[in-house]
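J.: Here it is, the structure in full.
In the numbering used here, the protein residues as written are 2 to 175.
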C-alpha cells in the first residue's frame, strides 16, 4: 500500500529496546524509527507515548528527545466516537466475557484507543500481539486482542517487521 501510515503499539518499541535492538547497540534501527516518526510515516498515540515515557529508561529518554514528533490525541472527537464503537462491540460480542470489556475500558489501557485512532487516521496498527485463534461463542475469552478487534473493524494490523520492510529498513542502513 503506497504511503501507508503506521500507528504503533507500545510493545513495538519496548520489546525491541529490551530484547533485540538495544539502543546502545543498534543506533541505525533507532535512527530509522526516528526518521519515520519525523516524516510522519510512523505515528504515536499520546497514551502510548505516556506509557513509554513513564518507563524512565533509555527508551523513554530517546523518545522524549525526538523533537519533530506529532502525537495522535486520543481525546479527539472522532477517536472518542470510534472508541465507543469498539467498546460496544466487545460488550455485545459473544466471543468476549465482561472481563474483556473491563480490561479494555480501564483508564490507562490504550488498546481500544489505538484502534480507534487507526480508524480515524487511516493507519495500519503495528503490534507484536497475536490474534486469539480460538475465539468462539461457546468459550468466550476474557482477553480481547488487538489483531482480532482490528479485523472486526477492517483495520490492517501487522508486526514491526512488516513495517520495517514497507519503510525499507535495509535501504536505510546503507
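Ideal Cβ placement from N, Cα and C applies to all residues, glycine included.
No experiment lies behind these values; they were computed from the predicted model shown.
With distance defined between alpha-carbon atoms, name the residue in 166, 125, 140 nearest to residue 150.
T.: What you label residue 150 is simply residue 149 of the chain shown in a count that begins at 1. Of the candidates 166, 125, 140, the one whose C-alpha sits nearest the C-alpha of residue 150 is 125.
J.: Answer with buried or exposed for residue 140, where buried requires no fewer than 16 other C-beta atoms within 10 angstroms of its C-beta.
T.: Counting from 1 along the chain shown, the entry for residue 140 is found at position 139. With fewer than 16 other Cβ atoms within 10 Å, it is exposed.
J.: Over what stretch of residues does the beta strand (DSSP E) that includes residue 125 continue unbroken?
T.: Within the chain shown, the letter at position 124 stands for residue 125. 125 to 127 is the span of the beta strand (DSSP E), which, as asked, contains residue 125.
J.: Which stretch, first to last residue, makes up the alpha helix (DSSP H) that contains residue 36?
T.: For this step, residue 36 is matched to residue 35 along the chain shown. Run containing residue 36: 28 to 39, per the alpha helix (DSSP H) assignment.
J.: Which residues does DSSP pair with residue 7 in a beta bridge?
T.: Here the question's residue 7 lines up with position 6 in the chain shown. 43, 125, per the DSSP bridge assignment.
J.: CB-CB under 7 Å to residue 167, same chain, minus the five flanking residues each way: which ones, in chain order?
T.: By 1-based counting over the chain shown, the position of residue 167 is 166. Within the same chain, residue 167 has close Cβ partners 5.
J.: So, for residue 22: in the same chain, excluding its five sequence neighbours on each side, which residues have a beta-carbon less than 8 Å away from its beta-carbon?
T.: Here residue 22 refers to the residue found at position 21 when the chain shown is read from its first residue. Hits under 8 Å: 30, 31.
J.: Could you tell me if residue 10 is buried or exposed, where buried requires 16 or more neighbouring beta carbons within 10 angstroms of its beta carbon?
T.: Counted from its first residue, the chain shown places residue 10 at position 9. The residue in question, residue 10, is buried, as its Cβ has 16 or more Cβ neighbours within 10 Å.
J.: For a minimum of 3 consecutive residues, which ranges assigned as the beta strand (DSSP E) are wholly contained in the stretch 72 to 106?
T.: Segments of the beta strand (DSSP E) lying fully in the stretch 72 to 106: there are none.
J.: Among 7, 38, 60, 74, which residue has its Cα nearest to the Cα of residue 16?
T.: In the chain shown, residue 16 corresponds to position 15, counting from 1. Of the candidates 7, 38, 60, 74, the one whose C-alpha sits nearest the C-alpha of residue 16 is 60.
J.: Report the rounded CA-to-CA distance for residue 93 versus residue 28, giving the unit in angstroms.
T.: As a working note, residue 93 is residue 92 in the chain shown. As a working note, residue 28 is residue 27 in the chain shown. Rounded to whole angstroms, residue 93 to residue 28 spans 45 Å at the Cα level.
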